[in-house]
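Here you go:
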């Protein structure tokens, strides 16, 4: 491929540049997609960040730089005057719920991924399709389904009542953080399986054979070989579930009630009823930064653990 | 003490068997329960959509098509359906095109910074949807654009491109790139090679990508909620109907239809994609 073409051509300098440099051709091909990403993601997020330093007066935006929105969002931490604790508390609660969701999905997904990687020999694709189909169906409808199941007159309550097991509907099923946790864990279940499965599938089977030959029982073998080698997959799954769920507003709105409200709902209301876009922008930036910090701490702790294991 | 007879014996176990153990053990039971956990909750939608009662509760009263009839009569719903189809059609073609360009660059060229670029394009998969939604809303407002189906479409292309790229990368990695090189060496220009060699070979991936991105756009709610103008898409219509208990059964009917169609299409798309990658990998099996 590198030998020059035998035909002498009169190429312009630009053409020669592209012919000579493979990376230039690669980036030329990549550039439309990158342009979409920059225009539809980077530019809007930059605008969002700018907005968070502005203020809103009814319908007009005042573009003078101010930190007032951040003071309103975070001021409670350093006791700023008039700052409410609600934003910090909601952010903290969202983190806790998302963390619970992440741990739950990982614990549920790991045995399934293990089964898929080590036990299924034929029709592996069928199993993978089976778990990915629900994930690609309407998120709204899946959340809504749980409202029907857990509701006051829902499937569980009406079912138990018509069976005569309970006489009054159970009120603790819906409209609380636990309901949010169950619904989110269900919605993200399939997403957690694939990265873990990929990392398990990549494990060299001869390592496991060696461990067995050297006298490790199944449990020791799992703990010393399989688990450490699957940790990268577990981390990837955890991040893929944790990051998007922190900002979710659909599930809390449908099944969370007043108790289960998350930071996403407050941000959403700033762009709706509350109508304070700059505050909403500041809150979303705070949320994004908080998520990033948690993720970095998590990755740092994991890397410490792995260095020690070596 | 190892004898020659031992050494000459064929090995009685294969490595995979050591690990495998009993195939239908407790892990199999767990896997079946897990699949049930994924599939049973959505099954209540169809169950109650045929139930002859305005209340979504047990015991089941009787069988009816009434809710489907009500659904079909609603003009708001049909408008929303039409809008969703329009947005989905444009989005699936655009995002598959952008995904294809990126996938081709990622698999066929050596260039510095490829890894970071791939991560950058996949960012929409991990950034919370609400941030992408309000960021696009703020930008739209700032440049003075009207909210419309176009703004929804732009946001959908953003989140669909990573999916398209991933599907097409796995497909392009699945066949030998020397086929394309042979075409180029025989004097066919890059454009014709792309259409005559790359596209036909990547076709299963392209079809799968078009179907998946269409479905993602068709079902997407979180971004569309912020970016919809006067014309709404189907998920937003459903959201607006959830407030009215009397409309609940016909929402269930609609949900049943959407779930059924989506599940069938996703299964077909996945099947096409996986069959495509499995048959062309020389080392498969």
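Chains as they are written, first to last, in my numbering: chain A, 331 to 640; chain B, -5 to 279. All C-beta atoms, glycine included, are put in the ideal place defined by N, C-alpha and C.
Here residue 58 of chain B carries a coil assignment [DSSP, helix/strand/coil].
Counting only residues of its own chain and dropping the five nearest sequence neighbours on each side, residue 240 of chain B has a CB closer than 8 Å to the CB of 48. By the Cβ rule, the segment 534 to 550 of chain A does not count as touching the segment 486 to 495 of chain A, because fewer than three pairs are nearer than 8 Å. Residue 386 of chain A is bridged by DSSP to A:391. Among the residues facing chain A, residue 243 of chain B is not included, as its CB has no counterpart in that chain under 8 Å away.
Annotated three-state conformation of residue 606 of chain A is coil, per DSSP. The beta carbon of residue 103 of chain B falls within 8 Å of a beta carbon belonging to chain A, placing the residue at that interface. When the five nearest sequence neighbours on each side are left out, the beta carbons in the same chain lying within less than 8 Å of the beta carbon of residue 126 of chain B are those of 118, 149, 152, 153, 217, in order along the chain.
For the segment 602 to 636 of chain A, the set of residues with a beta-carbon nearer than 7 Å to any beta-carbon of chain B comprises 607, 610, 611, 614, 618, in chain order. Taken in chain order, the whole alpha helix (DSSP H) runs of length 4 or more contained in the segment 511 to 573 of chain A are 535 to 543, 548 to 551. Approximately 11 Å separates the beta-carbon atoms of residue 379 of chain A and residue 616 of chain A; this is outside 8 Å, ruling out the contact.
Here residue 45 of chain B is bridged, per DSSP, to B:57.
In this structure residue 373 of chain A does not touch residue 95 of chain B by the C-beta definition: roughly 20 Å separates them, more than the 8 Å allowed. Per the coordinates, the alpha-carbon of residue 244 of chain B lies some 10 Å from the alpha-carbon of residue 42 of chain B.
If you ignore the 5 residues before and after residue 580 of chain A, its C-beta comes within less than 6 Å of the C-beta of 473, all in its own chain and listed in chain order. Of all C-beta pairs linking the segment 207 to 223 of chain B to the segment 17 to 35 of chain B, fewer than three are shorter than 8 Å, placing the two stretches out of contact. Taking all protein chains shown into account, residue 70 of chain B has fewer than 16 neighbouring C-beta atoms within 10 Å of its C-beta and is therefore exposed.
At a beta-carbon threshold of 7 Å, the residues of chain A lying near residue 136 of chain B are 377, ordered along the chain. Linking residue 80 of chain B to residue 116 of chain B through their CA atoms gives a straight-line distance of about 25 Å. DSSP places residue 410 of chain A in the coil class of the three-state scheme, outside both helix and strand. Shown here, residue 381 of chain A sits in a helix according to DSSP, grouped into three states.
Membership of residue 362 of chain A in the alpha helix (DSSP H) is indicated by the continuous run 352 to 367. Inter-residue distance for residue 122 of chain B and residue 598 of chain A is about 13 Å (C-alpha atoms, whole angstroms). When DSSP states are grouped into helix, strand and coil, residue 448 of chain A belongs to the helix group.
A:585 is the residue among A:585, A:443, A:453 whose C-alpha sits nearest the C-alpha of residue 501 of chain A.
Contact residues of the segment 89 to 102 of chain B toward chain A are 92, 95, 96, 98, 99 (C-beta to C-beta distance below 7 Å). Of all residues in the segment 23 to 45 of chain B, only 24, 25, 28, 29, 31, 32, 33, 35, 36, 38, 39, 42 come within less than 8 Å of chain A when Cβ atoms are compared, listed by chain position.
Under the Cβ criterion of 8 Å, residue 399 of chain A is not counted among the residues facing chain B.
By the 16-neighbour rule on beta-carbons within 10 angstroms, residue 255 of chain B is exposed.
By the Cβ neighbour-count rule, residue 602 of chain A is exposed, with fewer than 16 other Cβ atoms within 10 Å of its own. Listed in chain order, the alpha helix (DSSP H) elements of length 4 or more contained wholly in the segment 194 to 221 of chain B are 216 to 221. Annotated three-state conformation of residue 435 of chain A is helix, per DSSP. Close to chain B, meaning a Cβ-Cβ distance shorter than 7 Å, are the following residues of the segment 347 to 359 of chain A: 352, 353, 355, 356, 357, 359. The criterion of a C-beta distance shorter than 8 Å is satisfied by residue 129 of chain B and residue 377 of chain A.
Taking 8 Å as the threshold, the shortest C-beta distance from residue 65 of chain B to chain A does not fall below it.
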